[in-house]
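Asker: Take this structure first; my questions come after.
There are 2 protein chains.
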Amino acid sequence: MIAALCGGVGAARFLRGLVEVVDPGEVTAIVNTGDDVVLHGLHVSPDLDTVTYTLAGAVSQERGWGLEGETWAAMDALRRYPSSLAWFSLGDRDLATHLFRTQRLREGASLSTLTAEVAAAWGVGVTVLPVTDDRLETLMDVAGEGEIGFQDYFVRRRHAVAVRAVRFRGAGASKPAPGVLDALADAEVVVVCPSNPIVSIGPLLAVPGVRDAVAAVRERVVAVSPIVAGAALKGPADRLLAELGHEVSVVGVARLYAGLAATLVVDEADAALAGAVEAEGMRCVVAPTVMRGPAEAAALARVVLGAA
Amino acid sequence: MIAALCGGVGAARFLRGLVEVVDPGEVTAIVNTGDDVVLHGLHVSPDLDTVTYTLAGAVSQERGWGLEGETWAAMDALRRYPSSLAWFSLGDRDLATHLFRTQRLREGASLSTLTAEVAAAWGVGVTVLPVTDDRLETLMDVAGEGEIGFQDYFVRRRHAVAVRAVRFRGAGASKPAPGVLDALADAEVVVVCPSNPIVSIGPLLAVPGVRDAVAAVRERVVAVSPIVAGAALKGPADRLLAELGHEVSVVGVARLYAGLAATLVVDEADAALAGAVEAEGMRCVVAPTVMRGPAEAAALARVVLGAA
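Keeping their order, the protein sequence lines are chains Z and S.
The letter at position 288 of the first sequence is residue 1546 when you use this note's numbering, and the numbering goes up by one with no holes.
The letter at position 70 of the second sequence is residue 1328 when you use this note's numbering, and the numbering goes up by one with no holes.
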């Protein structure tokens, strides 16, 4: 059994490679829900959908999120109205997922139950779990503005504002979703996917019990650095790390993960920093980590499994 | 000033004719919200939308509701999931209206405020008012099942089940929306549109103050019979009237409206019943009432205005 701690695009691409190497039924993806947002009354779970759509082979190759061949009639029509939410694009077919999710929540289903239903509907064999069924909300404390929601930061402001702090509202009172702690305890390998350590992996670790469950199996935990040659491949991880006082390098990542993971996989571009990573108390494995397609993702998955 | 008590398709078609005859700015449409339903978390107001889309010239000619040239990508995609709501079709562009409405309600806007915003966005000059900003819910007591929601009855069961009673939940505690009572008091003519007396006009009259406000200006109130030659032109009005013990004829309609309206316009097909209508205490005007297009609707509007 393999458990993976997941954010969105980077994690989804890694999982897509992983299921080329192992039986999908052996894999549990534990996915960030701190990015979840209620828009127009609809419950949107961006990371869960990115993981499911990617594993289904249905994700937009160009965007990395949303569906390939999507249409945008609803959003186009929304522009007629003085909507406060036109900045968040919801594709027509993607809307169906949010309509279904919202209705199931209204019917009393838990997020983990309906997420399994969504994954099954897409024929995804991986067990896709939200980290928690409780409301968890990543808030960004932005200079001059105060706290704003993650999507407001990420989509509306295109992560182009300075962040002073990050908070996971609701985390303290949240419980891991059914299956999360068992998946971590039972896993032969736990993968910390190449996701943003602050806003993708951070919320997972903020759910009481998860950090301890990962640390308890530290020897079997392999993290993949999302920082390559001092920069994030995608998104604001580099900027956020710097703004919050972390070193923007694989060494900075090692300092964040050393208590949780015995091994850090870094890209060949960072080979020279392997010694510095090991000085932080982690084994360092150097390998190609940039996943341009499923073949490279599968190769990276083999490296990760071999490193455990 | 003209005030119109409105349900959906029949009322919308009448209004479309009325604005050919008078300045739209002189017209206030007071619209049923008992059909409103929250689906997938979205607030859907079928009659308000039918009135607005029809006045905008954007309604589907074939269906009478929804938008012309609509696409259905979201609903098609919803079929992938085990949704309990696939029986209710929401077009992609129509969804934008529900997204906007739901978001505005979440922002604290009243239904009447956002309805005015929707009407303005469509360039509709008529004042479109929900009868109330409060939640009003038409419930159908169905033999063998008990109470079900109106859309469940109308759409899911295609009104093919026997109704024992109709109730307007929330009506007792509701208040007329701002402008409703003034529009009735100030109108030179109040039109009871050719809508279902039980489930379209009924909810309007169930809002405290509305029935009295209409009755107070009875001499200026003109109703158009939705029953022609003993049958409804559209929908279950005939069946419902019979099931609830009313006569399915213009005389039965006269008995329902005699306390509210001085005049009943009946179709030429019912000319022979004019005396029986007058015996119920209403003036009876005989005219073509079947609106195949805007020209016939405009002619009917002229008859109604002339009858007041």
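Quick reminder that beta carbons are idealized off the backbone N, C-alpha and C, glycines included.
Strictly under 9 Å for the Cβ-Cβ distance: is Thr1521/S near chain Z by that measure?
Answerer: Numbered from 1 along the second sequence, position 263 holds the residue referred to as residue 1521/S. Output row for Thr1521/S: interface = no.
Asker: Taking the straight line between their C-alpha atoms, what separation do you get for Ala1545/S and Trp1323/S?
Answerer: Within the second sequence, numbered from 1, the residue matching residue 1545/S stands at position 287. Within the second sequence, numbered from 1, the residue matching residue 1323/S stands at position 65. Cα-Cα distance, rounded: 26 Å.
Asker: Skipping 5 residues on each side, what residues in its chain have a beta carbon closer than 7 Å to that of Arg1393/S?
Answerer: Numbered from 1 along the second sequence, position 135 holds the residue referred to as residue 1393/S. Same-chain partners within the cutoff: Gly1428.
Asker: So which residues on chain Z does Gln1361/S lean against when the C-beta distance must stay under 8 Å?
Answerer: The residue you call residue 1361/S lines up with position 103 of the second sequence. Result: Leu1297, His1298, Gly1299, Ser1341, Ser1342, Leu1343.
Asker: What whole-angstrom Cβ distance do Pro1461/S and Asn1290/S have, given they're in contact under 8 Å?
Answerer: As a first step, residue 1461/S must be located in the second sequence, where it is residue number 203. As a first step, residue 1290/S must be located in the second sequence, where it is residue number 32. So it is a contact: roughly 5 Å between Cβ atoms.
Asker: What are the uninterrupted segments assigned as beta strand (DSSP E) that are 3 or more residues long and contained completely in the stretch 1270-1351 of chain S, given in chain order?
Answerer: Every unbroken stretch of the beta strand (DSSP E) spanning 3 or more residues and falling wholly within the stretch 1270-1351 of chain S is given here in chain order: 1285-1289, 1295-1297, 1300-1302.
Asker: Looking at C-beta atoms only, is the number of pairs between the stretch 1403-1420 of chain Z and the stretch 1306-1318 of chain Z that lie closer than 8 Å three or more?
Answerer: no
Asker: Which of the three DSSP states, helix, strand or coil, is assigned to Thr1355/S?
Answerer: Numbered from 1 along the second sequence, position 97 holds the residue referred to as residue 1355/S. Of the three classes helix, strand and coil, the one that applies to Thr1355/S here is helix, per DSSP.
Asker: Beta-carbon of Met1333/S versus every beta-carbon of chain Z: anything under 9 Å?
Answerer: As a working note, residue 1333/S is residue 75 in the second sequence. By this cut-off, Met1333/S is an interface position.
Asker: Secondary structure at Val1267/Z, three-state DSSP: helix, strand or coil?
Answerer: Taking the first residue of the first sequence as position 1, residue 1267/Z is located at position 9. Helix at Val1267/Z.
Asker: By alpha-carbon positions, which one of Arg1274/S, Tyr1339/S, Thr1286/S ends up nearest to Leu1439/S?
Answerer: For the purposes of this step, residue 1439/S is taken as residue 181 along the second sequence, with counting starting at 1. Residue Thr1286/S is the option with its Cα nearest to Leu1439/S.
Asker: Alpha carbon to alpha carbon, what distance is there between Val1376/Z and Thr1590/Z?
Answerer: Absent from the structure is residue 1590/Z, since the part of chain Z shown begins at 1259 and ends at 1566.
Asker: Suppose the cutoff is 7 Å on Cβ atoms and the five residues either side in sequence are ignored; what does the same chain contact list for Gln1409/S look like?
Answerer: Position 151 of the second sequence, counting from 1, holds the residue named residue 1409/S. So the qualifying residues of the chain are Asp1293, Val1295, Phe1346.
Asker: Report the partner residues of Trp1385/S according to the DSSP bridge assignment.
Answerer: For this step, residue 1385/S is matched to residue 127 along the second sequence. A quick correction: the sequence has Thr, not Trp, at residue 1385/S. Beta-bridge pairing links Thr1385/S to Thr1286/S.
Asker: Does any residue of chain S have a CB that is nearer than 9 Å to the CB of Arg1414/Z?
Answerer: For this step, residue 1414/Z is matched to residue 156 along the first sequence. Under the 9 Å criterion on CB atoms, Arg1414/Z is classed as non-interfacial with respect to chain S.
Asker: Candidates Val1472/S, Gly1266/S, Val1509/S: which alpha carbon is nearest Ala1489/S's?
Answerer: Here residue 1489/S corresponds to residue number 231 of the second sequence, with the count starting at 1. Nearest option by C-alpha distance: Val1509/S.
Asker: Going along chain S in order, which residues have a C-beta closer than 8 Å to the C-beta of Ala1379/Z?
Answerer: On the first sequence, residue 1379/Z is found 121 positions in, with the first residue counted as 1. By Cβ distance, chain S contributes Arg1338, Tyr1339, Pro1340.
Asker: Can you check whether the C-beta of Thr1355/Z is within less than 9 Å of a C-beta belonging to chain S?
Answerer: The residue labelled residue 1355/Z in the question sits at position 97 within the first sequence. For Thr1355/Z, the nearest CB of chain S lies under 9 Å from its own CB, placing it at the interface with that chain.
Asker: Within 10 angstroms of its Cβ, does Asp1350/Z collect 16 or more other Cβ (buried), or is it exposed?
Answerer: Counting from 1 along the first sequence, the entry for residue 1350/Z is found at position 92. Classification of Asp1350/Z: buried, given that the 10 Å Cβ count is 16 or more.
Asker: Tell whether a beta-carbon distance below 9 Å holds between Asp1352/S and Leu1325/S.
Answerer: As a position in the second sequence, residue 1352/S is number 94, starting the count at 1. As a position in the second sequence, residue 1325/S is number 67, starting the count at 1. Going by C-beta atoms, Asp1352/S is nearer than 9 Å to Leu1325/S.
Asker: So with CB distances below 9 Å, who are the chain Z contacts of Glu1375/S?
Answerer: Within the second sequence, numbered from 1, the residue matching residue 1375/S stands at position 117. The answer, in chain order, is Tyr1339, Pro1340.
Asker: At what residues does the beta strand (DSSP E) containing Ala1481/S begin and finish?
Answerer: Counting from one through the second sequence, the residue named residue 1481/S turns up at place 223. Where Ala1481/S is concerned, the enclosing beta strand (DSSP E) stretches over 1479-1482.
Asker: Starting from Thr1329/Z, find everything on chain S with Cβ-Cβ shorter than 8 Å and list it in chain order.
Answerer: For this step, residue 1329/Z is matched to residue 71 along the first sequence. Within 8 Å Cβ-Cβ: Thr1329, Ala1331, Asp1350.
Asker: How would you list, in chain order, the residues of chain S whose beta-carbon sits under 9 Å from the beta-carbon of Arg1364/Z?
Answerer: Here residue 1364/Z refers to the residue found at position 106 of the first sequence. For Arg1364/Z, the neighbours in chain S by C-beta distance under 9 Å run, in chain order, Val1296, His1298, Gly1299.
Asker: Using alpha carbons as the reference points, say which of Met1398/Z, Asp1470/Z, Thr1373/Z lies closest to Leu1498/Z.
Answerer: Sequence index remark: in the first sequence, residue 1498/Z carries index 240 (1-based). Taking only the C-alpha atoms, the option nearest Leu1498/Z is Met1398/Z.
Asker: Going along chain Z, which residues have a C-beta under 7 Å from Phe1358/S?
Answerer: Locating residue 1358/S in the second sequence gives position 100, where the first residue counts as 1. Listed by position along chain Z, the residues whose Cβ is nearer than 7 Å to that of Phe1358/S are Leu1336, Tyr1339, Ser1341.
Asker: If you drop the 5 nearest sequence neighbours on each side, which residues of the same chain put their C-beta closer than 8 Å to that of Leu1300/Z?
Answerer: Residue mapping note: residue 1300/Z aligns to position 42 of the first sequence, counting from 1. If the five residues before and after Leu1300/Z are omitted, its C-beta is found closer than 8 Å to the C-beta atoms of Leu1348, Leu1353, His1356, Leu1357, Arg1359, Thr1360, all from its own chain and listed in chain order.
Asker: By the 10 Å Cβ neighbour count, where 16 or more other Cβ atoms means buried, how is Glu1536/S classified, buried or exposed?
Answerer: Start at 1 with the first residue of the second sequence, and residue 1536/S comes out as number 278. By the 10 Å Cβ count, Glu1536/S comes out exposed.
Asker: Among the candidates Leu1276/S, Gly1383/S, Leu1263/S, Cys1264/S, whose CA atom is the shortest distance from the CA of Ala1557/S?
Answerer: Against the second sequence, residue 1557/S aligns to sequence position 299. Residue Leu1276/S is the option with its Cα nearest to Ala1557/S.
Asker: Identify whether Val1421/Z lies in helix, strand or coil by the three-state DSSP scheme.
Answerer: Residue mapping note: residue 1421/Z aligns to position 163 of the first sequence, counting from 1. If DSSP states are grouped into helix, strand and coil, Val1421/Z belongs with the strands.
Asker: Which residue's Cα is closest to the Cα of Gly1404/S: Asp1307/S, Arg1513/S, Ala1423/S, Val1413/S?
Answerer: Position 146 of the second sequence, counted from the first residue, corresponds to residue 1404/S. Ranking the options by Cα distance to Gly1404/S, first place goes to Ala1423/S.
Asker: For Arg1337/Z, count the other beta carbons within 10 Å of its own beta carbon; 16 or more makes it buried, fewer makes it exposed. Which is it?
Answerer: What you label residue 1337/Z is simply residue 79 of the first sequence in a count that begins at 1. Counting C-beta atoms within 10 angstroms of its own C-beta, Arg1337/Z has fewer than 16 neighbours from the protein chains shown and is therefore classed as exposed.
Asker: Quick one: measure Cβ to Cβ for Pro1484/Z and Ala1495/Z, integer angstroms, because I've assumed they're closer than 8 Å.
Answerer: Taking the first sequence and counting its residues from 1, the one referred to as residue 1484/Z is at position 226. Taking the first sequence and counting its residues from 1, the one referred to as residue 1495/Z is at position 237. Beta-carbon to beta-carbon, Pro1484/Z and Ala1495/Z are separated by about 5 Å, close enough to satisfy the 8 Å threshold.
Asker: For Glu1395/Z, does the count of other Cβ atoms within 10 angstroms reach 16, so buried, or fall short, so exposed?
Answerer: Position 137 of the first sequence, counted from the first residue, corresponds to residue 1395/Z. Glu1395/Z is buried by the Cβ-count criterion.
Asker: If we ignore side chains and look at the alpha-carbon of each, how far apart do Ala1261/S and Ser1318/S end up?
Answerer: The residue given as residue 1261/S occupies position 3 in the second sequence. The residue given as residue 1318/S occupies position 60 in the second sequence. Near 25 Å, if we compare the C-alpha coordinates of Ser1318/S and Ala1261/S.
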